[in-house]
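Protein chains in written order, with our numbering: chain A, 1 to 112; chain B, 1001 to 1113.
Written below as structure tokens is the structure these notes are about.
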Amino acid sequence: DAMVIQNPRYQVTQFGKPVTLSCSQTLNHNVMYWYQQKSSQAPKLLFHYYDKDFNNEADTPDNFQSRRPNTSFCFLDIRSPGLGDAAMYLCATSRDHDNEQFFGPGTRLTVL
Amino acid sequence: GNSVTQMEGPVTLSEEAFLTINCTYTATGYPSLFWYVQYPGEGLQLLLKATKADDKGSNKGFEATYRKETTSFHLEKGSVQVSDSAVYFCALSDQSYGQNFVFGPGTRLSVLP
């Protein structure tokens, strides 16, 4: 089945220790998104790629970076995680900007 | 800018009760409208969508009608089950505004046996 896969499902890191979350898709969609979701809140868009074009949200901290080496994969790098970065990180894809988004299961990040 | 407002939760219902979760939106263009559901510990799943006025989206017994005159997209289900317990997000996509998805704050539904 075509799908969006996120690894790992659970990630524990230490304060200030860089961490990378990964997302892959078999849908061959043009757009890939990274969201941060904290408890009992709506997902907050961090950035997205349309093909290779990177689009950063204005209020996304510099601590968060992303890479998309090819159509199928996209990575979220958190350079120096703080306690406030503990959250669920959701990857999503869409065929184009105005199509529905397909979400992965998420990676829950814990910062100790 | 564009925005989505949902009724505040949590909503607690007994099994087989009728469900309505209100959603209203503000948009400058002609958005597509969506309902997503999130079960505990999981990502969001598309529940239904409507892309133009008067369209009705439906799936798994849930329905929502795109009402342009009232800028609403209320979610309804005639008879809820315990397995419907989840958080429901209303969302819009308005490409004419050059904007990606805008999610509402979510409404938590708990269905009791």
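Think of the CB as a built atom: it goes at the ideal place given N, C-alpha and C, for glycine as much as any other residue.
None of these values were measured; they are calculated from a predicted model.
* **Residue nearest to residue 47 of chain A in terms of C-alpha spacing, selected from A/75, A/28, A/69** => Within the first sequence, the letter at position 47 stands for residue 47 of chain A. Per the Cα distances, A/75.
* **With 16 other Cβ atoms within 10 Å as the buried cut-off, status of residue 90 of chain A** => As a first step, residue 90 of chain A must be located in the first sequence, where it is residue number 90. With 16 or more other CB atoms across the displayed protein chains lying within 10 angstroms of its CB, residue 90 of chain A is buried.
* Residues in its own chain within less than 7 Å of residue 56 of chain A by CB, not counting five upstream and five downstream? -> Reading the first sequence from its first residue, position 56 is the one you call residue 56 of chain A. Around residue 56 of chain A: 47.
* To do: Pull up the CB-CB distance for residue 19 of chain A and residue 26 of chain A, whole angstroms please, since I reckon it's below 8 Å.
  => Position 19 of the first sequence, counted from the first residue, corresponds to residue 19 of chain A. Position 26 of the first sequence, counted from the first residue, corresponds to residue 26 of chain A. The pair is not a contact, with the Cβ atoms about 25 Å apart (cut-off 8 Å).
* Per DSSP, the bridge partner or partners of residue 1011 of chain B -> Translated into the one-based positions of the second sequence, residue 1011 of chain B becomes position 11. Answer is B/1109.
* For residue 84 of chain A, does the three-state DSSP call read helix, strand or coil? -> As a working mapping, residue 84 of chain A is identified with position 84 in the first sequence. It is helical.
* Under the assumption that residue 1073 of chain B contacts residue 1086 of chain B (Cβ atoms under 8 Å), give the Cβ distance between them as a whole number of angstroms. => As a position in the second sequence, residue 1073 of chain B is number 73, starting the count at 1. As a position in the second sequence, residue 1086 of chain B is number 86, starting the count at 1. Wrong, their Cβ atoms sit about 18 Å apart, outside the cutoff.
* To do: Would you kindly check if the distance between the Cβ of residue 1066 of chain B and the Cβ of residue 1055 of chain B is under 9 Å?
  => Working through the second sequence from its first residue, we reach residue 1055 of chain B at position 55. Working through the second sequence from its first residue, we reach residue 1066 of chain B at position 66. Their beta carbons are under 9 Å apart, which means residue 1055 of chain B touches residue 1066 of chain B by this criterion.
* Tell me, please, whether the CB atom of residue 108 of chain A is closer than 9 Å to any CB atom in chain B? => The residue given as residue 108 of chain A occupies position 108 in the first sequence. Taking a beta-carbon distance threshold of 9 Å, residue 108 of chain A counts as an interface residue toward chain B.
* is_contact[residue 12 of chain A, chain B] using C-beta, thresh 9 Å -> Along the first sequence, read from residue 1 onward, the residue named residue 12 of chain A stands at position 12. Chain B, which has no Cβ nearer than 9 Å to the Cβ of residue 12 of chain A, makes this no.
* Asked: Three or more beta-carbon pairs under 8 Å between the region 31 to 38 of chain A and the region 76 to 96 of chain A, yes or no?
  -> Of all C-beta pairs linking the region 31 to 38 of chain A to the region 76 to 96 of chain A, three or more are shorter than 8 Å, placing the two stretches in contact.
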